[in-house]
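Inspection log for the structure reproduced underneath, given as C-alpha cells.
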Amino acid sequence: MPKNLEKFNIVIVGTGGQGLITLLQIIAEAALFEGYEVRTSELHGLSQRGGSVEVHIRFGQKIYSPLVSQEKADLILGLEMQEALRGIYFANQKTKFLLNKQIILIPLVKNLTETEILKNLKKIGKVILIPAAETCQKEFNTNVVAGIYLISLASFKNLIPLKPNSISRAIKKIIPEKYLELNLKTFKLAKVY
Amino acid sequence: MEEILLNKPGPEGKPTASYGVNKKIILLGNEAIVRGALESGVQFVSTYPGTPASEIGDTFFKLSQSGKYKGHFEFSTNEKVALEAGIGASFSGLKTLVAMKNFGTNVALDALIPFVYTGTKGPTVIISADDPSCHSSAQSEENTRGISYLAHIPTLEPSDSQECKDFVKLAFKISEKFKIPVMIRTTTRVAHQRMPVKLERLPKTAIPKGKFVKEPKRFVTMPPRVLEMKKELLEKIEKVKQFSEKSKINQICTGRTCVNSGIITSGVAFLYVMEALRELNLSLPVLKLGFFYPLPEEKIKNFIKNPAPASGAGRGLKKVLIVEELEPYLEKEIERLVYTGWREGWSPKLQIFGKSLIPEVGELKPEIVSSAIAKFTNKKYKFANFNLKFPILKRSPQLCPGCPYWLVFGAVKKAVDPKKVIFGGDIGCYMLAGLPPHFLQDYLSCMGSSIGIAHGIKKATSPASAIASAGKQKLITFIGDSTFFHAGIPALINTVFNQSNPLIIVMDNRTTAMTGHQPHPGAPLVPNGIKIEEIVRACGVKNIKIIDPINQEEFIRAVKKFLEKSEVSVIIATHPCIFVAPKNA
Chain C
3 MPKNLEKFNI VIVGTGGQGL ITLLQIIAEA ALFEGYEVRT SELHGLSQRG
53 GSVEVHIRFG QKIYSPLVSQ EKADLILGLE MQEALRGIYF ANQKTKFLLN
103 KQIILIPLVK NLTETEILKN LKKIGKVILI PAAETCQKEF NTNVVAGIYL
153 ISLASFKNLI PLKPNSISRA IKKIIPEKYL ELNLKTFKLA KVY
Chain G
4 MEEILLNKPG PEGKPTASYG VNKKIILLGN EAIVRGALES GVQFVSTYPG
54 TPASEIGDTF FKLSQSGKYK GHFEFSTNEK VALEAGIGAS FSGLKTLVAM
104 KNFGTNVALD ALIPFVYTGT KGPTVIISAD DPSCHSSAQS EENTRGISYL
154 AHIPTLEPSD SQECKDFVKL AFKISEKFKI PVMIRTTTRV AHQRMPVKLE
204 RLPKTAIPKG KFVKEPKRFV TMPPRVLEMK KELLEKIEKV KQFSEKSKIN
254 QICTGRTCVN SGIITSGVAF LYVMEALREL NLSLPVLKLG FFYPLPEEKI
304 KNFIKNPAPA SGAGRGLKKV LIVEELEPYL EKEIERLVYT GWREGWSPKL
354 QIFGKSLIPE VGELKPEIVS SAIAKFTNKK YKFANFNLKF PILKRSPQLC
404 PGCPYWLVFG AVKKAVDPKK VIFGGDIGCY MLAGLPPHFL QDYLSCMGSS
454 IGIAHGIKKA TSPASAIASA GKQKLITFIG DSTFFHAGIP ALINTVFNQS
504 NPLIIVMDNR TTAMTGHQPH PGAPLVPNGI KIEEIVRACG VKNIKIIDPI
554 NQEEFIRAVK KFLEKSEVSV IIATHPCIFV APKNA
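Same order as they appear, the protein sequences are chains C and G.
Residue numbers in the first sequence follow the working numbering, run continuously in steps of one, and reach 195 at the last position.
Residue numbers in the second sequence follow the working numbering, run continuously in steps of one, and reach 588 at the last position.
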C-alpha cells in the first residue's frame with residue numbers, strides 16, 4: 003500500500019455483543035504497525051446492550067477527528083444487514099459496503115428482507131455481500147468470529163489498505179490466548195474465499 | 004493491559020520487546036488517564052463506576068488485583084464517599100486521583116466545594132466525564148463545566164488520549180504547586196477515543212504511607228475562618244490564572260493566511276475544527292484552550308488583537324467563531340471580555356459567533372462543525388443526503404438473554420395490572436423496564452430516586468386520614484443492589500420515618516452490571532458482603548422477603564400481598580447477573 007495514504011475512514015455497524023470494539027482494536031493496531039496515525043471512537047455502557055452499535059476507525063498520514071464525517075466513509079463494515087442501512091449516513095458514491103449476510107431479527111416489528119436492504123444499499127455505494135456468519139458456523143461451529151473473517155477478507159481483497167500480515171499480527175496482539183487459535187484459523191479461512 | 008505498564012528503555016527495532024519509554028501504544032482515553040496518573044506516581048485512587056468514566060476504575064482495579072499498582076484502590080459506595088476518601092488521603096499527604104461520571108460529580112459536590120477551600124496537601128486530581136448526546140446517561144445532558152465556576156476548581160479539558168495523559172500529569176503539578184484540587188473534564192468522545200500515546204517513565208513505586216498532621220487552620224472550614232479561606236482561594240485562583248496565561252496547553256495553531264476570522268475551541272471540538280479546516284481547505288488561526296477554568300483572559304484578548312503573531316504585523320480579528328459542545332460557557336466569557344474591553348481602552352469591532360451556528364443540544368460531530376465553519380466563512384459545504392424510501396428500524400438495547408430481570412418484570416406483570424400501578428425506575432440495566440416489551444417505568448430520575456420520589460407520590464396521593472389504608476394508587480419501585488447502597492438507603496429510611504407504603508423491589512444481581520460488573524458493598528471480592536436484608540431490617544422495615552425470582556409463584560404472591568400493606572415493603576429479588584462468577588453469587 004502507498005505510504006502517502008492521506009486518510010482512510012471505516013465505520014463498523016452491528017449490534018451490541020458482535021465484538022465491534024475488538025475489530026476496532028485490531029484494525030487500529032494494524033494501522034499503527036504500518037506507521038499511520040490512527041484515531042477511533044466507540045461507545046460503552048448501556049449503549050451496547052444488544053442495541054444498534056457503530057464504531058469509527060480512521061487512519062492515514064494525519065488524522066484529527068476520531069469520528070468519520072457524514073458521507074465520508076471509504077468502507078462500511080456491516081455485521082448485520084439491517085444495521086448496514088444505518089451506515090448510509092456515512093456513505094458516498096465511492097463507499098464500499100462489506101456485509102455479513104446475516105439478519106438478526108428485531109422483535110415486535112416488521113423486519114426488512116435481504117432484497118429490500120440490498121436494493122437500497124446498491125443505490126448508494128458498492129456492495130460486497132459475504133456469507134461470513136454462515137461460513138464460520140459451518141467451519142467452526144460458531145459465528146462469533148464472523149467479524150474477524152470480514153476484516154481479514156477485507157485485507158486480502160484490498161478493501162482495506164492494510165497488509166494481511168499486519169491484521170494477523172494485530173489479532174495476535176489483541177485476542178486473548180484462549181481464543182487466539184480460533185481467530186487465526188478464521189483469518190486463514192478468509193484467505194481462501 | 005500489560006502494555007500500560009511498559010517502562011524499560013529498549014533497543015530500536017524490537018517492536019514486541021518490553022521497552023516502553025518514548026514508545027507509542029494505543030490507549031483508550033480512560034486508559035491514558037490511568038497511565039498519566041501512574042507516571043505521576045499516584046498513591047490513592049477511589050471511584051464509583053459510571054459510563055464514560057468506568058474504565059479508569061476498571062484498569063486500576065486490574066492493576067491493583069495483580070499487584071502491579073501498589074497504592075490504594077477502591078470502588079467506593081458512591082462518588083461523594085469516593086471524594087471524601089480522596090480528601091482524607093490528600094490531607095494525609097498522598098497523591099490522589101478520584102474518578103467519576105458527570106452525575107457523580109453532582110453527588111460529590113457537597114464534599115467538593117469545601118475541599119477547594121481547604122485545598123490539598125497531597126496533590127489531587129478529580130476526573131469528571133460528561134456524555135453529550137446521552138449515549139449512556141439517562142438523566143440529563145449535563146455539562147459539568149458549570150461546576151468549575153460554582154466550586155472555583157481549576158479545570159482542564161483534553162481533546163484526545165495523548166492529552167488525557169499529559170493533562171493528568173500537568174493537573175498533578177498544578178495541584179502540587181498551588182495546593183488546590185484540579186478537575187479534568189472529559190466527554191464520551193475523549194474518554195472512549197483510542198490513539199497512539201507516547202509513554203514516559205514510570206516512577207519507582209512503594210506501598211504508600213501517609214501521615215496526618217494536625218493543622219486545624221487548614222483543614223477545618225468553620226466561620227469566621229471559612230471566609231478567610233474563600234479570600235485565600237480567590238487569590239489562589241488568580242495565581243492559577245497567571246499560570247494558565249503562560250501554559251502551553253492554551254495554544255494558537257496559526258494558519259498560514261490570516262483572514263480577519265479566527266476560531267476559539269476546546270475539548271474534542273478542537274479535533275473537528277482541524278478536520279473541518281482541512282476539509283474546507285482553509286487556514287484560519289485557531290486558539291485551542293486546554294484550561295477551562297480559570298480562563299487565560301489575556302491570551303484570549305491577545306489572540307483577538309493579533310491572531311498570527313508569528314506572521315509579523317498585528318491585524319486584529321473582525322470575526323470569531325467559538326466552537327464548544329453543549330452550553331456556551333466560553334462564548335459568554337469571551338463576550339464579557341470583549342464587551343467590557345472599553346474599561347481598559349480596548350474596543351474591538353468584533354463579531355462573535357457561537358451558538359448561533361453551533362447546536363447547544365447533542366454532541367458535536369465533524370460534519371456539524373464543518374457546516375458551521377463553512378457558514379462562518381461564506382463557503383459551501385453540501386451533503387447528498389441520500390433519501391431512503393423507508394425508515395431505518397431502531398434496535399433498542401435489551402436485557403441480555405437469561406438476565407434475571409426478565410423474571411422479575413414477568414412476575415410483576417402477572418401479579419398486577421400494570422395500567423393500575425405506578426412504576427418507579429432507577430439507574431441500572433433495569434431502566435430498560437421503560438422500553439418494549441416491558442413498559443414498567445413511569446418516572447426515572449437520578450441514582451436512588453426511585454424510592455425518594457415514590458415516598459413523595461405516596462404521600463401526595465394518599466390523604467393523611469387514609470394512610471392507615473393502602474391508599475388508592477399503588478406503587479412499585481425497581482432499584483439495583485449497587486444503586487441501593489449508593490443512594491437508596493436514606494430514601495428507604497425516609498419512607499419508614501415519614502410513613503409511606505411503596506413496594507420496593509431491590510434487584511440484587513450481585514454486581515454493578517451496567518457499568519461493567521464492578522464489585523459493590525453487598526458483593527465484594529471477599530465473602531460476606533453487607534447483607535441488604537440486614538440493612539432493610541435495621542431501617543425499620545417490617546415487610547421483607549428475599550426471593551429468587553426463578554420462584555415465580557412465590558414472587559407473584561409476595562407482590563400481591565405487599566401491595567396491600569399500609570407500611571413500606573421490600574422484596575429483595577436475588578439472582579446473579581449472567582456475567583457474575585459463581586463465587587460472588
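Just so you know, even glycine gets a beta-carbon here, dropped at the ideal spot from N, CA and C.
| Item | Value |
| --- | --- |
| Using a C-beta to C-beta distance shorter than 9 angstroms, which residues of chain C count as neighbours of N449 of chain G? | Looking at the sequence shown, residue 449 of chain G is not Asn but Cys. Chain C residues near C449 of chain G: none, gap ~15 angstroms exceeds 9 angstroms. |
| With respect to the alpha helix (DSSP H) encompassing D113 of chain G, which residues constitute its N-terminal and C-terminal limits? | N105 to T121 |
| Using a cut-off of 7 angstroms between C-beta atoms, extract the partners of T17 of chain C located in chain G. | R398 |
| Would you call V562 of chain G buried or exposed, if buried means 16 or more other Cβ atoms sit within 10 Å of its Cβ? | buried |
| Helix, strand or coil, according to DSSP, for C138 of chain C in the structure here? | helix |
| With 8 angstroms set as the bound, which would you pick, yes or no: does the beta-carbon of I153 of chain C sit closer than that to a beta-carbon of chain G? | no |
| Under a three-way DSSP split, which group does G483 of chain G fall into? | strand |
| Do the CB positions of K168 of chain G and A35 of chain G come within less than 8 angstroms of each other? | yes |
| Across which residues does DSSP place R188 of chain G in a beta bridge pair? | G:S131 |
| How long is the line joining the alpha carbons of K27 of chain G and L114 of chain C, rounded to whole angstroms? | 44 angstroms |
| Who are the near neighbours of Y384 of chain G in its chain, counting only those whose CB is closer than 6 angstroms to its CB and skipping five residues on each side? | S373, S374 and A377 |
| Mapping the DSSP letters down to three states, classify A471 of chain G as helix, strand or coil. | Because A471 of chain G sits at a pLDDT of 49, beneath the cut-off of 50, its placement in the model cannot be relied upon, and the point is left open. |
| Around the C-beta of N185 of chain C, are 16 or more other C-beta atoms found within 10 angstroms, so that it is buried, or is it exposed? | buried |
| Who are the neighbours of E278 of chain G on chain C, taking C-beta pairs under 8 angstroms? | Y66, S67 and S71 |
| Would you call the stretch 69 to 81 of chain C and the stretch 51 to 69 of chain G in contact, with 3 or more CB pairs under 8 angstroms? | no |
| Would you please verify whether the beta carbon of T115 of chain C is less than 8 angstroms from any beta carbon of chain G? | no |
| Across which residues does DSSP place Y72 of chain G in a beta bridge pair? | Paired residues: none, contrary to the question. |
| Just mark N143 of chain C as buried or exposed, buried being the case when its beta carbon has 16 or more other beta carbons within 10 Å. | exposed |
| If I'm right that L443 of chain G touches V415 of chain G with Cβ under 8 angstroms, what's the distance once you round it to whole angstroms? | 7 angstroms |
| Taking only beta-carbon atoms, is E166 of chain G less than 8 angstroms away from chain C? | no |
| Applying the 10 Å Cβ sphere with the 16-neighbour rule, what's the burial state of P14 of chain G? | Caution is warranted here: a pLDDT of 48 is assigned to P14 of chain G, below 50, making its placement in the model unreliable, and no coordinate value can be reported. |
| Thinking C-alpha only, which one of G:I240, G:P312 and G:G122 is nearest P219 of chain G? | G:G122 |
| Could you tell me whether the stretch 315 to 332 of chain G touches the stretch 268 to 278 of chain G, using the rule of 3 or more Cβ pairs below 8 angstroms? | yes |
| Where does A471 of chain G land, buried or exposed, given buried means 16+ other C-beta within 10 angstroms? | Note on A471 of chain G: pLDDT 49, under 50, position unreliable in the model; the coordinate value appears next. That one is exposed. |
| My guess is that V411 of chain G and A576 of chain G are in contact by the Cβ rule of under 8 angstroms, so how many angstroms apart are they, rounded? | 5 angstroms |
| Quick one: what's G293 of chain G bridged to in DSSP? | Looking at the DSSP assignment, G293 of chain G forms no beta bridge with any residue, so it has no partner. |
| Compare the beta carbon distance of V573 of chain G and R513 of chain G with 8 angstroms and say whether it is the shorter of the two. | no |
| For N102 of chain C, name the three-state secondary structure that DSSP assigns. | strand |
| Between the stretch 155 to 173 of chain C and the stretch 104 to 121 of chain C, are three or more C-beta pairs nearer than 8 angstroms? | no |
| Go ahead and pull the three-state DSSP assignment for E338 of chain G. | helix |
| Would you call the stretch 49 to 59 of chain C and the stretch 11 to 27 of chain C in contact, with 3 or more CB pairs under 8 angstroms? | yes |
| Can you name the residues of chain C whose CB is closer than 7 angstroms to the CB of E370 of chain G? | S71 and Q72 |
| In three-state terms, what does DSSP make of E82 of chain C? | coil |
| If you measure from the beta carbon of R192 of chain G to each beta carbon in chain C, is any gap under 8 angstroms? | yes |
| Reducing DSSP to helix, strand and coil, say where L131 of chain C ends up. | strand |
| Considering only the beta carbon of each residue, do V129 of chain C and L101 of chain C sit closer than 8 angstroms? | yes |
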